[in-house]
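As you go down the protein sequences, you meet chains A and B in turn.
For the first sequence, the working numbering assigns the number 1 to the initial residue and increments by one for each residue that follows.
For the second sequence, the working numbering assigns the number 1 to the initial residue and increments by one for each residue that follows.
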Amino acid sequence: MNKTLRTFLRRPAGIVGLTLLGLVCLVAVLAPLLYPASPWDIAGMPFARPGEDGMVFGSDTLGRDIAAGVVHGARVSLIIGVTSTIAALAIGVTLGAVAGFAGGMTDRVIVRITEIFQTIPNFVLAILLVAILTPTLSTIIFSIGLVSWPPLARLTRSQVQSVAQREFVQAARCQGQSAASVLVRHVLPNAISPIIVTGSLTVAAAILIEAALSFMGLGDPNHMSWGYMIGAGRTVIRQAWWMSVFPGLAILLTVVAINLVGEALNDALNPRISRS
Amino acid sequence: MRLLRGIVTKLAGIVLAILVIATINFTLVHSAPGDPASVMAGQSGATDEKFLEELRAEYGLDKPFMVQLGTYLKKVVTLDLGYSYRQRRPVNELILDRLGPTLLLTLSAFFLSLIGGVVFGTLAGLRHGKWSDLAISLVALLLYATPVFWLGLMLVLIFSIQLEWLPAFGYVDMRASSFGRLEYAWDVLRHLFLPAITLGAIYMAVYTRLMRASLIEVAAEDHVKTARAKGLGEGAILRGHMLRNAALPVVTFAGLQVGALVGGAVVVETVFSWPGLGRLTFDAVTARDYPVLLGIFLVMSVLVIVVNILTDLLQRLIDPRIAVR
Numbered sequence: 001m002n003k004t005l006r007t008f009l010r011r012p013a014g015i016v017g018l019t020l021l022g023l024v025c026l027v028a029v030l031a032p033l034l035y036p037a038s039p040w041d042i043a044g045m046p047f048a049r050p051g052e053d054g055m056v057f058g059s060d061t062l063g064r065d066i067a068a069g070v071v072h073g074a075r076v077s078l079i080i081g082v083t084s085t086i087a088a089l090a091i092g093v094t095l096g097a098v099a100g101f102a103g104g105m106t107d108r109v110i111v112r113i114t115e116i117f118q119t120i121p122n123f124v125l126a127i128l129l130v131a132i133l134t135p136t137l138s139t140i141i142f143s144i145g146l147v148s149w150p151p152l153a154r155l156t157r158s159q160v161q162s163v164a165q166r167e168f169v170q171a172a173r174c175q176g177q178s179a180a181s182v183l184v185r186h187v188l189p190n191a192i193s194p195i196i197v198t199g200s201l202t203v204a205a206a207i208l209i210e211a212a213l214s215f216m217g218l219g220d221p222n223h224m225s226w227g228y229m230i231g232a233g234r235t236v237i238r239q240a241w242w243m244s245v246f247p248g249l250a251i252l253l254t255v256v257a258i259n260l261v262g263e264a265l266n267d268a269l270n271p272r273i274s275r276s
Numbered sequence: 001m002r003l004l005r006g007i008v009t010k011l012a013g014i015v016l017a018i019l020v021i022a023t024i025n026f027t028l029v030h031s032a033p034g035d036p037a038s039v040m041a042g043q044s045g046a047t048d049e050k051f052l053e054e055l056r057a058e059y060g061l062d063k064p065f066m067v068q069l070g071t072y073l074k075k076v077v078t079l080d081l082g083y084s085y086r087q088r089r090p091v092n093e094l095i096l097d098r099l100g101p102t103l104l105l106t107l108s109a110f111f112l113s114l115i116g117g118v119v120f121g122t123l124a125g126l127r128h129g130k131w132s133d134l135a136i137s138l139v140a141l142l143l144y145a146t147p148v149f150w151l152g153l154m155l156v157l158i159f160s161i162q163l164e165w166l167p168a169f170g171y172v173d174m175r176a177s178s179f180g181r182l183e184y185a186w187d188v189l190r191h192l193f194l195p196a197i198t199l200g201a202i203y204m205a206v207y208t209r210l211m212r213a214s215l216i217e218v219a220a221e222d223h224v225k226t227a228r229a230k231g232l233g234e235g236a237i238l239r240g241h242m243l244r245n246a247a248l249p250v251v252t253f254a255g256l257q258v259g260a261l262v263g264g265a266v267v268v269e270t271v272f273s274w275p276g277l278g279r280l281t282f283d284a285v286t287a288r289d290y291p292v293l294l295g296i297f298l299v300m301s302v303l304v305i306v307v308n309i310l311t312d313l314l315q316r317l318i319d320p321r322i323a324v325r
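Structure, rendered in structure tokens:
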């Protein structure tokens with residue numbers, strides 16, 4: 001593990017990504033201290049340019065502080081990104097592991113379902129789900145999780161298939177261990193590293209989906225989010241560029257950071273696959 | 001014979017997929033909070049009881065679950081996608097009206113991203129490790145992380161508001177009715193430019209990264225070394241021995257990305273007020289017009305399946321070996 005960590009930190013992508021991501025996390029954690037008032041509260045005059053009226057990023061059409069929104073939005077983005085990825089992992093890894101380990105009819109059925117879910121335009125399904133189930137944090141997380149699992153299922157299935165062939169797995173079977181125990185204790189731990197890498201990239205994709213959902217007006221109305229801010233600033237972009245520019249930069253920064261970390265993780269965990 | 005069997009399997013796959021998607025729709029309507037009839041009517045405050053009764057009778061909502069599912073599937077197969085109470089029009093008419101612009105936007109973005117990705121990926125791959133490779137890779141990394149709707153807004157900010165080169169919103173100019181045919185087409189093209197670039201750019205970034213990696217891999221293969229040893233020029237090696245091999249995984253991947261591309265079109269159309277299915281989606285979301293949303297989801301899924309078949313054909317063109325398999 002130490003060696004993995006060293007490889008990770010030797011990559012410039014890893015260091016840059018980790019620093020940026022650390023910064024975003026820090027801002028998210030410190031949000032209530034940095035901007036104690038609710039980001040929905042009016043903080044000054046409307047349409048204030050960046051720097052005016054004591055607001056570094058300016059204010060929106062109602063006079064709400066853009067900087068406060070950006071800082072509080074970090075929490076929503078990160079929470080939704082991570083939890084919906086956990087949901088996607090739960091569905092994808094379970095289905096993929098069962099398919100790859102059981103084989104036969106079970107495998108064929110799961111592969112078919114996965115293929116159909118992969119062809120479906122997943123953002124449109126997410127819109128449909130959130131709109132019908134009404135937008136709250138939990139329905140958004142559920143919906144993003146439900147549309148993000150297919151790549152994880154395919155990856156897990158192929159990983160499990162290849163690890164299940166190995167001798168130590170056969171040895172465990174010969175000892176008379178139950179199939180479930182062989183799968184959980186011997187196969188999965190050895191199949192997990194590419195899944196971790198793809199999982200980290202899923203977080204980035206989930207943050208982008210959340211932003212697009214709240215841009216379309218399908219965000220949780222109780223939580224300030226970056227996508228909502230851009231959606232609200234869209235109609236007045238001619239007069240006030242700052243309302244949509246800063247939240248967008250926040251999304252860009254966060255997603256780049258996560259992608260860089262994912263790439264470095266890939267190089268560190270799958271040394272054979274990495275090309276350097 | 002093999003071709004015929006291939007087509008039959010494909011068609012069976014399409015039918016199966018449509019049935020699964022329709023079942024998802026049906027399940028969603030039933031798992032939504034509240035009475036299914038009021039979900040199908042769209043949650044408008046003004047739904048009258050008479051219309052709800054009609055819906056209940058039409059979809060047999062008092063019958064057992066499986067019977068209802070059967071009724072619903074039969075309707076879908078006969079292209080009856082329900083009625084939008086809000087817009088007072090059948091859903092399939094609403095969708096048909098908007099299909100053209102969406103197809104135009106999605107296909108332009110698809111080819112733009114594929115061609116751009118292959119070109120830039122090749123440039124970067126050939127100059128592996130040089131500064132131009134680094135620049136292309138960096139731009140691709142940033143684009144890949146950019147929310148598509150924000151990219152659209154930024155392009156509007158630069159090219160429409162600052163430079164005033166291109167129109168920011170809409171499909172044609174308001175004076176379009178007085179335009180000649182050529183003038184009309186040119187005007188649509190001017191309006192198409194920014195949305196297509198926006199939607200295409202993100203996927204271009206993905207394909208550039210893929211093409212670059214793929215080309216670097218192909219460049220190390222034995223048959224390329226052989227060609228070089230034979231004394232072939234670099235251009236001939238690239239055209240005759242590398243491009244097809246390297247582009248194949250990119251086209252395969254592009255086929256898989258079509259679903260995401262269509263999803264991206266929804267957001268891009270919202271940004272640019274492009275009068276397609278995406279804009280219809282946005283309006284339906286705002287009005288909570290569920291029958292329209294359900295219909296769009298179904299039609300877009302079918303669209304993705306059709307484009308998937310097209311990319312499959314494209315792959316066969318690039319790699320004759322696939323047809324034999």
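Here a beta-carbon is modelled for each residue, glycine too, at the ideal position from N, C-alpha and C.
Quantities reported herein were computed from a predicted structural model and do not represent experimental measurements.
Assigned secondary structure, residue i (DSSP; H/G/I helix, E/B strand, else coil)
{"i": "A:Asp65", "result": "strand"}
{"i": "B:Tyr171", "result": "coil"}
{"i": "B:Tyr83", "result": "strand"}
{"i": "A:Pro135", "result": "coil"}
{"i": "A:Ile120", "result": "coil"}
{"i": "B:Arg89", "result": "strand"}
{"i": "A:Ser225", "result": "coil"}
{"i": "A:Ser38", "result": "coil"}
{"i": "A:Ser178", "result": "coil"}
{"i": "B:Tyr113", "result": "First, the residue type needs correcting, since residue 113 of chain B is Ser and not Tyr in the sequence shown. Helix."}
{"i": "B:Ser273", "result": "coil"}
{"i": "A:Ile273", "result": "With a pLDDT of 48 at A:Ile273, under the threshold of 50, the predicted position of this residue should be treated as unreliable, though the coordinate-derived value follows. A:Ile273: coil per DSSP, three-state reduction."}
Residue from the options whose Cα sits closest to the Cα of residue i
{"i": "B:Thr102", "options": "B:Leu157, B:Val268, B:Ala37 and B:Ala201", "result": "B:Val268"}
{"i": "A:Ile195", "options": "A:Ala205, A:Asn270, A:Val109 and A:Ala13", "result": "A:Asn270"}
{"i": "A:Val76", "options": "A:Leu30, A:Leu137 and A:Thr198", "result": "A:Leu137"}
{"i": "A:Asn133", "options": "B:Val285, B:Glu49, B:Leu189 and B:Val299", "result": "Contrary to the premise, residue 133 of chain A reads as Leu rather than Asn in this sequence. Looking at the Cα atoms, B:Val285 is the closest of the given residues."}
{"i": "B:Leu412", "options": "A:Gln175, A:Arg238, A:Glu263 and A:His186", "result": "The question about residue 412 of chain B has no answer, for chain B in this structure spans 1 to 325."}
{"i": "B:Arg279", "options": "B:Ala219, B:Phe111, B:Pro195 and B:Thr208", "result": "B:Pro195"}
{"i": "B:Ala220", "options": "B:Gly152, B:Leu99, B:Gly125 and B:Ala140", "result": "B:Gly125"}
{"i": "B:Arg212", "options": "B:Trp131, B:Leu123, B:Glu53 and B:Pro167", "result": "B:Leu123"}
{"i": "B:Phe253", "options": "B:Ile216, B:Leu277, B:Phe179 and B:Val206", "result": "B:Val206"}
{"i": "B:Ile318", "options": "B:Thr281, B:Arg239, B:Thr208 and B:Leu298", "result": "B:Arg239"}
{"i": "A:Asp107", "options": "A:Ala126, A:Thr156, A:Phe246 and A:Phe47", "result": "A:Thr156"}
{"i": "B:Thr208", "options": "B:Gln315, B:Ala185, B:Phe272 and B:His128", "result": "B:His128"}
{"i": "B:Leu199", "options": "B:Val8, B:Leu232 and B:Trp150", "result": "B:Trp150"}
{"i": "B:Leu189", "options": "B:Tyr171, B:Lys10 and B:Ser31", "result": "B:Tyr171"}
Heavy atom of the ligand GTP within 7 Å of residue i beta-carbon
{"i": "B:Pro33", "result": "The ligand GTP is absent from the structure shown, which contains no ligands of any kind."}
Residue i, buried or exposed, once every other Cβ within 10 Å from all chains shown has been counted against 16
{"i": "A:Ile207", "result": "buried"}
{"i": "B:Glu234", "result": "exposed"}
{"i": "B:Ile328", "result": "No answer is possible for residue 328 of chain B: it lies beyond the span of chain B, which begins at 1 and ends at 325."}
{"i": "A:Pro36", "result": "exposed"}
{"i": "A:His72", "result": "buried"}
{"i": "A:Ala74", "result": "buried"}
{"i": "B:Phe169", "result": "exposed"}
{"i": "B:Thr78", "result": "exposed"}
Positions along the stretch 221-252 of chain A whose CB lies within less than 7 Å of some CB in chain B | Of all residues in the stretch 221-252 of chain A, Ile230, Arg234, Ile237, Arg238, Trp241, Ser244, Gly248, Ile251 and Leu252 have a Cβ within less than 7 Å of some Cβ in chain B.
Would you call the stretch 144-154 of chain A and the stretch 76-93 of chain A in contact, with 3 or more CB pairs under 8 Å?
-> The stretch 144-154 of chain A vs the stretch 76-93 of chain A: in contact.
Can you list, in chain order, the residues of the stretch 199-220 of chain A whose Cβ is nearer than 8 Å to any Cβ on chain B?
-> Answer set for the stretch 199-220 of chain A: Ala204, Leu208, Ala211, Ala212, Phe215, Met216, Gly217 and Leu218.
Compile a chain-ordered list of the residues in the stretch 141-156 of chain B whose CB is closer than 8 Å to at least one CB of chain A.
-> Those residues of the stretch 141-156 of chain B that come within reach of chain A (Cβ to Cβ, closer than 8 Å) are Leu141, Leu142, Tyr144, Ala145, Thr146, Pro147, Val148, Phe149, Trp150, Leu153, Met154 and Val156.
Does the stretch 287-299 of chain B come within contact of the stretch 87-107 of chain B, defined as at least 3 CB pairs closer than 8 Å?
-> In this structure the stretch 287-299 of chain B lies against the stretch 87-107 of chain B, because at least three pairs of beta carbons, one per stretch, are closer than 8 Å.
Stretch-stretch touch, CB-based, cutoff 8 Å, three pairs: the stretch 177-184 of chain A with the stretch 209-217 of chain A | In this structure the stretch 177-184 of chain A does not lie against the stretch 209-217 of chain A, because fewer than three pairs of beta carbons, one per stretch, are closer than 8 Å.
Kindly confirm or deny that the stretch 250-258 of chain B and the stretch 102-116 of chain B touch, where touching means at least three C-beta pairs closer than 8 Å.
-> A contact exists between the stretch 250-258 of chain B and the stretch 102-116 of chain B.
Count the C-beta pairs between the stretch 152-168 of chain B and the stretch 253-272 of chain A that are closer than 8 Å, then say yes if the count reaches three, no if not.
-> Because the criterion of three Cβ pairs below 8 Å is not met, the stretch 152-168 of chain B and the stretch 253-272 of chain A do not touch.
Using a beta-carbon distance cut-off of less than 8 Å, what residues from the stretch 285-300 of chain B approach chain A?
-> Residues passing the 8 Å Cβ filter: Val285, Thr286, Arg288, Tyr290, Leu293, Leu294, Ile296, Phe297 and Met300.
For the stretch 59-73 of chain A against the stretch 36-48 of chain A, are there 3 or more C-beta pairs whose distance is under 8 Å?
-> Judged by Cβ distances under 8 Å, the stretch 59-73 of chain A makes contact with the stretch 36-48 of chain A, as three or more pairs qualify.
Check distances from the C-beta atoms of the stretch 5-36 of chain B to those of chain A and list, in chain order, the residues that come in under 9 Å.
-> Taking 9 Å as the Cβ-Cβ cut-off against chain A, the residues of the stretch 5-36 of chain B that qualify are Gly13, Leu16, Ala17, Val20, Ile21, Ile24, Asn25, Leu28, Val29, Ser31, Ala32 and Pro33.
Note down, in chain order, all residues in the stretch 307-321 of chain B with a beta-carbon under 9 Å from any beta-carbon belonging to chain A.
-> Contact annotation: in the stretch 307-321 of chain B, residues whose CB is within less than 9 Å of a CB in chain A are Asn308.
Are the stretch 226-246 of chain A and the stretch 81-89 of chain A in contact at 8 Å, needing three or more beta carbon pairs?
-> Pairwise C-beta distances place the stretch 226-246 of chain A out of contact with the stretch 81-89 of chain A, as fewer than three of them are shorter than 8 Å.
Is there contact between the stretch 130-137 of chain B and the stretch 301-315 of chain B, where contact requires at least three CB pairs shorter than 8 Å?
-> Here the stretch 130-137 of chain B does not lie against the stretch 301-315 of chain B, with fewer than 3 beta-carbon pairs under 8 Å apart.
Three-pair Cβ contact test at 8 Å for the stretch 105-119 of chain A versus the stretch 150-169 of chain A | The stretch 105-119 of chain A is in contact with the stretch 150-169 of chain A.
Three or more beta-carbon pairs under 8 Å between the stretch 10-24 of chain B and the stretch 217-226 of chain A, yes or no?
-> Look at the beta carbons and you see the stretch 10-24 of chain B not touching the stretch 217-226 of chain A: under three pairs across the two are nearer than 8 Å.
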